[in-house]
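If you're matching positions, the sequence shown starts at 3 in my numbering and goes up one per residue.
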Amino acid sequence: MMLSRAELRTTHAVEYLRELCRHWAHRFPVEYDDTHGKIKLDRAICTLMSAPAALSVYLEVEDAADQDDAEKLIADRLRHIGSQETLDFHWFQS
3 MMLSRAELRT
13 THAVEYLREL
23 CRHWAHRFPV
33 EYDDTHGKIK
43 LDRAICTLMS
53 APAALSVYLE
63 VEDAADQDDA
73 EKLIADRLRH
83 IGSQETLDFH
93 WFQS
């Protein structure tokens, strides 16, 4: 299993977490509240944790070939949701 992690500095973490989870709730199994979210994508599991000044994003993928695609998918959607600010993604992989 491959893991990725990114931490986004933002004061809108709760809103972004909710919006991302709502966006995919019609296509994938999703669980969320104001502090945690989990989205079970086809080839990845995305876990979100909000804090007052940051949104932490964790990805789990089975196949290394899917890791970059999953990172891009999540980053692109969050950038769209948070278009009023610049969200910098620096993924750390393990």
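Yeah, the Cβ is synthetic: ideal placement off N, Cα and C, and Gly gets one too.
Reduced DSSP category for residue i - H, G, I as helix; E, B as strand; rest coil
| i | result |
| --- | --- |
| Q86 | coil |
| A8 | strand |
Integer Cβ distance of residue i from residue j, believed to fall under 8 Å
| i | j | result |
| --- | --- | --- |
| Q86 | M4 | Contact flag wrong, Cβ pair sits at about 32 Å. |
For residue j and residue i, the rounded distance between their alpha carbons
| i | j | result |
| --- | --- | --- |
| S52 | T37 | 5 Å |
| E73 | L61 | 8 Å |
| K40 | R7 | 14 Å |
| R81 | H92 | 13 Å |
| Q69 | R11 | 22 Å |
| V16 | D71 | 24 Å |
| L19 | L89 | 14 Å |
| P54 | W26 | 23 Å |
Counting pairs of Cβ atoms below 8 Å between the region 63 to 78 and the region 40 to 48, do you hit three or more?
yes
Evaluate the contact criterion for the region 69 to 78 versus the region 23 to 31: three or more CB pairs, one atom per stretch, below 8 Å.
no
Can you give, in chain order, each stretch of the beta strand (DSSP E) that sits fully within the region 32 to 80 and has at least 3 residues?
You should have 32 to 34, 38 to 42, 47 to 53 and 56 to 63.
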